[in-house]
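Reading through the structure tokens given below for one structure.
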Amino acid sequence: MPELPEVERAARTLRKAAAGRVIERIALIHPALKRRVSAHRLRTLRGTRIAAIVRRGKHQLLELDDGRVFHVHFRMAGDWDVGRTDEPLPRHARATIDLTDGTRISLVDPRALSTVELHAVGDNPLDGLGVEPADASLTPALLIQAFARRRGPIKPVLLDQHIIAGIGNIYASEALWRAKISPAVPAAGLSRRRIQELIDEIRHVLGPAARLPGRYKDARESTRIAVYGREGKPCRRCATPIERIVQAGRSTYYCPSCQRR
DNA sequence: CGTATCCTGACC
DNA sequence: GGTCAGGATACG
């Protein structure tokens, strides 16, 4: 499920259930998660208050009141399930966060690719992460500079979280379609004007959490998927059949007619 | 830069 | 049985 809008929604769910509350225990169920944080370090979380929940890109940071950070990334298929400690675990529960009030938040993830980390006081959990789409510092000038070092096509570059944080495979195709930019054009060499259009469309497709405050009045405007997964179906602008190509191992969908090189 | 890899489930 | 999946990273 998760790209930026879905992670934003999940973080809000978590905030509602857990912000300001105290951890009873965090349990890692799946072996791949157990490998990441030792049982000993997990036990040190008991009695710690969750001061705040912060989303950055597709990352969720549970900021603990002792300064440590419990860091969760859903990867391809993670999500939160909020229940009670006396209920049976949901299907595909990979970790649980039990609170002293009896709430159990389960990390559910059929593919078990989600990751968790426990950061010590003072480390930066998001070293190298790119700019947040809603941040005013996301400007054409910034991207011109970032793109200049890239030789490859724009679409895989949009997925690079070191540049802009939070664009995933679906919305990369969607933003390029809306901006009428071919996914195959070299990132370097896009004009300032086209980059500005691309930034606007990235903010549009990623929804309210990616938009600058005070802009885009129509926050509820439909963000329905226009190209992703629509191979062979007519382009919603020009009716040309949508094509699918593979770039950097991921599917890209685009209109060969109205997305220009 | 592309490719393999981590995992599991859904679908052909 | 094979392929694909809304992610990220290690590697050649």
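All letters in the first sequence, in the order written, are residues -8 to 252 by the working numbering. Here a beta-carbon is modelled for each residue, glycine too, at the ideal position from N, C-alpha and C. What you are looking at is a predicted structure, and each value in this text was computed from that prediction instead of being measured.
Own chain partners of residue i with C-beta closer than 8 Å, once the 5 adjacent residues on each side are dropped
i	result
ALA179	PHE138, ALA139, ARG140, ARG141, ARG142
GLU54	ILE41, ALA42, ALA43, ILE44, VAL45, VAL60
LEU109	VAL28, ARG32, LEU33, LEU36, ARG59, VAL60, PHE61, HIS62
GLY39	Here residue 39 is Thr; the residue named in the question, Gly, does not match the sequence. For THR39, where only same-chain residues beyond five positions count, the Cβ hits under 8 Å are VAL13, ILE14, LEU55, ASP56, ASP57, ARG59.
PRO116	HIS50, LEU52, VAL60, HIS62, GLU108, HIS110
VAL112	ASP57, GLY58, ARG59
GLY93	ARG75, THR76, ASP77
Residue environment, residue i, which counts as buried when at least 16 other CB atoms sit within 10 Å
i	result
HIS50	buried
GLU192	buried
ALA1	buried
ALA163	buried
ALA156	buried
ALA86	buried
ARG206	Reliability of the predicted coordinates at ARG206 is poor, the pLDDT of 49 falling under 50, and no value is obtained from them.
PRO79	exposed
LYS7	exposed
PRO22	exposed
SER213	In this prediction, SER213 has a pLDDT of 48, which is less than 50 and means its spatial position is unreliable; what the coordinates show is noted afterwards. So SER213 ends up on the exposed side.
ARG26	exposed
PRO(-7)	buried
LEU(-5)	buried
ALA30	exposed
ALA132	exposed
PRO174	buried
LEU19	buried
SER182	exposed
ARG194	buried
ALA127	exposed
Residues near residue i in its chain [Cβ-Cβ closer than 7 Å; skip 5 each side]
i	result
ILE236	THR243
GLN152	GLY48, LEU120, GLY121
LEU273	The structure shown does not extend to residue 273, since the chain spans only -8 to 252, so no value can be given for it.
VAL(-2)	ARG46, LYS49, GLN51, PHE65
VAL176	PRO144, ILE145, ARG252
LEU90	ALA9, ARG12, VAL13, ILE14, GLU15
TYR219	ILE161, SER164, GLU165, TYR244
HIS83	VAL99, ASP100, PRO101
GLU222	ILE233, GLU234, ARG235, TYR244
LEU24	ARG85, ALA86, VAL107
GLN187	PRO131
Beta-carbon proximity list for residue i, same chain, < 6 Å, skipping 5 on both sides
i	result
ARG102	MET67, ALA68
PRO17	This sequence places Ile at residue 17; Pro is not what is there. Cβ neighbours of ILE17 beyond the five flanking positions: LEU33, LEU36, ILE88.
GLY74	ARG95
ILE154	GLY121, ALA137
ASP72	PRO81, SER97, VAL99
THR231	CYS246, SER248
LEU149	ILE158, ALA163
LEU5	ILE44, TRP71
Integer-rounded CB distance, given that residue j should sit under 8 Å from residue i
i	j	result
PRO124	LEU197	5 Å
TRP168	GLN250	6 Å
ALA217	ARG202	That belief does not hold up - the Cβ atoms of ALA217 and ARG202 are roughly 18 Å apart, past 8 Å.
Distance cut-off 7 Å: residue i Cβ against heavy atoms of the ligand COA
i	result
ALA84	Within the structure as shown, the ligand COA is missing, as the structure has no ligands at all.
| Would you say the stretch 134 to 144 touches the stretch 42 to 59, given that touching needs at least three Cβ pairs under 8 Å? | At 8 Å Cβ cutoff, the stretches do not touch.
| query | Which parts of the stretch 154 to 211 are runs of the beta strand (DSSP E), unbroken and 3 residues or longer, counting only runs that do not cross its ends? | reply | Taking 3 residues as the shortest admissible run, the stretch 154 to 211 contains no complete beta strand (DSSP E) segment at all.
| field | Segments of 3+ residues assigned as beta strand (DSSP E) that fall wholly inside the stretch 1 to 27 | value | Entirely contained in the stretch 1 to 27, the beta strand (DSSP E) runs reaching 3 residues are, in chain order, 14 to 19.
| request: Only counting runs of 3 or more residues, tell me where the beta strand (DSSP E) segments fall wholly within the stretch 27 to 60, in order along the chain. | output: Segments of the beta strand (DSSP E) lying fully in the stretch 27 to 60: 41 to 47, 50 to 55.
| query | In chain order, which beta strand (DSSP E) runs of at least 3 residues are fully inside the stretch 81 to 112? | reply | DSSP runs (the beta strand (DSSP E)) wholly in the stretch 81 to 112: 84 to 90, 94 to 99, 106 to 110.
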